[in-house]
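Written out as structure tokens, the structure is:
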């Protein structure tokens with residue numbers, strides 16, 4: 001799988017943060033190992049859209065400043081996807 | 001509000017909890033009182049009672065520790081993830097962990113323990129995250145004045161859907 005290369009409007013560091021966030025809170029169970037959870041473009045975009053919908057953001061599938069602001073907020077460690 | 005798949009919940013009315021490791025940010029008495037207040041928010045509206053024990057294994061085991069702390073989900077230092085909890089069940093079910101790299105307070109400074117504890121105990125009782133920004137179970141932390149704090153409506157309805165109402 002290839003790493004996400006969405007039309008991000010944020011810095012590479014923030015893109016990394018977004019990938020880590022999506023892996024942690026919006027990916028399937030059993031993929032904690034970073035080498036196993038590299039996200040394809042499609043799954044990253046779908047999971048990102050799920051995250052944006054959950055938080056009531058505009059669903060674009062693109063990492064933007066509003067999305068990053070939410071991702072940087074302190075939060076609970078429980079996934080937003082029911083397991 | 002939301003529930004976990006299968007709607008796990010406690011099948012008894014008296015739930016025990018034990019704090020095995022405290023934060024240095026607050027006195028043990030402050031932590032005990034605040035944790036008790038967080039549970040009280042739920043026992044005010046559902047027919048469950050919570051009792052602190054000081055030895056042995058409680059239904060809900062609670063600790064404050066940073067980084068690796070005995071499960072597969074190590075904390076990440078200050079900021080980011082503040083705490084996490086398991087859904088109801090045997091063994092680790094209901095167990096609740098607070099990241100001690102945060103600064104725990106009883107005010108608006110740092111991270112308010114009452115608000116985070118009440119959120120995590122929602123998970124320990126069977127509540128999943130809510131999409132309602134006003135709900136306690138919304139995933140991100142936001143301080144609100146805790147004086148006279150009551151469980152928001154969305155959370156009350158969610159937990160009463162699992163356990164019924166205290167008044168019925």
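Protein chains in written order, with the working numbering: chain Y, 1 to 83; chain F, 1 to 168.
Built from N, CA and C at the ideal position, the CB exists for glycine as well.
Is it true that the CB of residue 80 of chain F sits closer than 8 Å to the CB of residue 87 of chain F?
No, these two residues do not count as a Cβ contact at 8 Å.
Going by alpha carbons, who is nearest to residue 85 of chain F out of F/64, F/52 and F/37?
Residue F/64 is the option with its Cα nearest to residue 85 of chain F.
Span of the beta strand (DSSP E) around residue 57 of chain Y:
Careful: residue 57 of chain Y lies outside any beta strand (DSSP E) and carries neither H nor E.
So, do the segment 98-108 of chain F and the segment 69-79 of chain F have three or more beta carbon pairs nearer to each other than 8 Å?
yes
Just to confirm, is the Cβ distance from residue 62 of chain F to residue 19 of chain F under 8 Å?
yes
Out of F/125, F/133, F/53 and F/4, point me to the one whose CA is closest to residue 32 of chain F's CA.
F/53
Relative to the C-alpha of residue 15 of chain Y, which residue among Y/81, Y/82 and Y/66 is closest?
Scanning Y/81, Y/82 and Y/66 for the CA closest to the CA of residue 15 of chain Y turns up Y/66.
Within the 8 Å Cβ cut-off, does residue 27 of chain Y reach chain F?
no
Is the shortest distance between the beta-carbon of residue 82 of chain Y and the beta-carbons of chain B less than 8 Å?
The chain labelled as chain B is not found among the protein chains of the depicted structure, namely Y and F.
By a C-beta neighbour count over all protein chains shown, 10 Å radius and 16 as the cutoff for buried, is residue 159 of chain F buried or exposed?
Answer is buried; the Cβ neighbour count reaches 16.
Taking buried to mean at least 16 other C-beta atoms within 10 Å of its own C-beta, is residue 130 of chain F buried or exposed?
Buried, by the Cβ-count rule.
Residue 47 of chain Y: beta carbon under 7 Å from a heavy atom of the ligand FMN?
In the structure on display, the ligand FMN does not appear, and there are no ligands present to speak of.
Members of the segment 138-153 of chain F that neighbour chain Y once the beta carbon cut-off is set at 7 Å:
Listed in chain order, the positions of the segment 138-153 of chain F with a beta carbon within less than 7 Å of a beta carbon of chain Y are 139, 140 and 141.
Using a C-beta to C-beta distance shorter than 9 Å, which residues of chain Y count as neighbours of residue 9 of chain F?
The contacting residues do not exist; residue 9 of chain F stays about 14 Å from chain Y at best.
Excluding the 5 residues flanking residue 4 of chain F on each side, which residues of the same chain have their C-beta closer than 7 Å to its C-beta?
These residues qualify, in order along the chain: 87, 126 and 128.
So which residues on chain F does residue 12 of chain Y lean against when the C-beta distance must stay under 7 Å?
Here the premise fails: no neighbours, minimum Cβ distance about 19 Å.
Taking only three categories from DSSP, how would you classify residue 156 of chain F?
It is helical.
Give me the Cα-Cα distance between residue 11 of chain Y and residue 78 of chain Y, rounded to the nearest whole angstrom.
26 Å
Below 8 Å, can you find three or more Cβ-Cβ pairs linking the segment 161-168 of chain F to the segment 38-50 of chain F?
yes
Which whole runs of the alpha helix (DSSP H) in the segment 114-151 of chain F are 4 residues long or more, in chain order?
none
Can you pull out the residues from the segment 46-75 of chain Y whose beta carbon lies closer than 9 Å to at least one beta carbon of chain F?
53, 54, 55, 56, 70, 72, 73, 74 and 75
Hey, quick one: how far does the alpha helix (DSSP H) through residue 16 of chain Y stretch, first residue to last?
12-26
Could you pull out every unbroken alpha helix (DSSP H) segment of at least 4 residues lying fully inside the segment 48-104 of chain F, listed in chain order?
none
With DSSP as the reference, label residue 69 of chain Y as helix, strand or coil.
helix
By the three-class DSSP mapping on this structure, what secondary structure does residue 1 of chain F have?
coil
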